[in-house]
Amino acid sequence: MGGAEKDLRAGLNALQLPLSDQQIGQLLDYQDLIAKWTRVYNLTAVRDPSEMMTHHLLDSLAAVAPLAAYLDKAGLGQGSRLLDVGSGAGLPGVVIAICCPAIAVSCVDTVAKKAAFIKQAALALKLPNLTGLHARVESIDQAFDVICSRAFASLPDFTQWSAGALAPQGVWMAMKGKHPADELAALPASVDVFHVEQLQVPGLDAERCIVWMRQKSA
Ligand SMILES: C[S@@+](CC[C@H](N)C(=O)[O-])C[C@H]1O[C@@H](n2cnc3c(N)ncnc32)[C@H](O)[C@@H]1O
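This note's numbering puts the first residue of the sequence shown at 1, with every later residue one more than the last.
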């Protein structure tokens, strides 16, 4: 077993996230694909493989169990739709598509090469539930059950720009570093923050949380 696989399996253990060998293989192939494309297209600033594992893969994987728990509680299963806004190299969207084959994941980015990378990842990793969209999120009007983002924009901008893509009962799932008190305070009254969930990323000594939000009914 190579070093990357060892680190990934240890991280999954720490996260208590049981994945099949096939899914673990897809995650490792995804990491290789990012590294390959980054040499040419500069997809991400993170180039060191072990940093890629902690800062990208495990950081995104830490959101999978909270997402699954939310969908379960909301009674959403097979075919629920998730939009990853400003997904860049596909974080966390591609990781979610690998871990949750029942979720239809769309990754949107304004940069054409990043959307092209997602389309290539869907083919190379054999992920029929993954779509890459080249667009500004503001222009998307399909309805999604969950709209997520990581390292994208402030909470007020994220919710305002993507509001047109939120299903009537949909929720926003914003992955953040430390508790974003200023951004929370700047949200309009129409956005209801129903949970701020702390995350622990294996191998990463940093604060992480998910801010869960929905539209307040009028
Ligand atoms: C800092 S990167 C984060 C990438 C990835 N989510 C991650 O965590 O590594 C932000 C991405 O948002 C994209 N972006 C910026 N404005 C956008 C918009 N209005 N709609 C869609 N994507 C946008 C940028 O092209 C960039 O790829």
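Ideal placement from N, C-alpha and C gives every residue a C-beta, glycine not left out.
Note that this is a predicted model, so its numbers are computed, not measured.
- In the pairwise beta carbon analysis, the segment 152 to 164 is classified as touching the segment 132 to 143: at least three pairs are separated by under 8 angstroms.
- Segment contact: the segment 48 to 61 against the segment 198 to 215, three or more CB-CB distances shorter than 8 angstroms; contact assigned.
- In this model, R47 and P168 are separated by some 39 angstroms (Cα to Cα).
- The DSSP assignment places 21 to 41, 64 to 73 as complete runs of the alpha helix (DSSP H) inside the segment 6 to 89, in order along the chain (cut-off: 4 residues).
- Considered as a whole, the segment 167 to 193 harbours 181 to 185 as its complete alpha helix (DSSP H) runs of no fewer than 4 residues, in chain order.
- In the DSSP assignment, T131 falls outside any alpha helix (DSSP H) and lies within the beta strand (DSSP E) extending over 130 to 134.
- Taking one beta carbon from each stretch, the segment 141 to 159 and the segment 178 to 186 have 3 or more pairs nearer than 8 angstroms; the two touch.
- In the DSSP assignment, D205 falls outside any beta strand (DSSP E) and carries neither an H nor an E.
- In the three-state scheme derived from DSSP, where H, G and I count as helix and E and B as strand, C107 is classed as strand.
- Judged by DSSP secondary structure, S149 falls within the beta strand (DSSP E) whose first and last residues are 144 to 150.
- Taken through DSSP and simplified to helix, strand or coil, I98 comes out as helix.
- As a beta-bridge residue in DSSP terms, Q215 pairs with V191.
- Here L130 is actually not in contact with F144; their C-beta atoms are around 14 angstroms apart, not less than 8 angstroms.
- Membership of K119 in the alpha helix (DSSP H) is indicated by the continuous run 112 to 124.
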